[in-house]
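Working notes, structure below.
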Amino acid sequence: MGFGMALAQHPEAMERFAALPETEQQAIIDGTHAVRSKQEMRAYVERLMK
């Protein structure tokens, strides 16, 4: 599952991500390159809600 799809499934995380400065958004996007499964991506996105 891609990052965009995972965000779409978690509207609160999408809103928080969109509110971040571009540099922080890029750091989060860069972090997705280490994610290897749908479950990991889901957990990665859910951490944005905390």
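Taking my numbering, the leading residue of the sequence shown gets 27, the next gets one more, and so forth.
Backbone N, C-alpha and C define an ideal beta-carbon position, used for all residues, glycine too.
Just so it is clear, the structure is predicted and the values come from calculations on it, not from any experiment.
When the five nearest sequence neighbours on each side are left out, the beta carbons in the same chain lying within less than 8 Å of the beta carbon of Ala34 are those of Met40, in order along the chain. Here the C-alpha atom of Glu38 lies approximately 18 Å from the C-alpha atom of Glu48. In the structure shown, the three-state DSSP call for Lys76 is coil. Around the beta carbon of Met67, a 10 Å sphere encloses 16 or more other beta carbons of the protein chains shown; the residue is thus reported as buried. Between Ala32 and Tyr70, the CB-CB gap stays under 9 Å.
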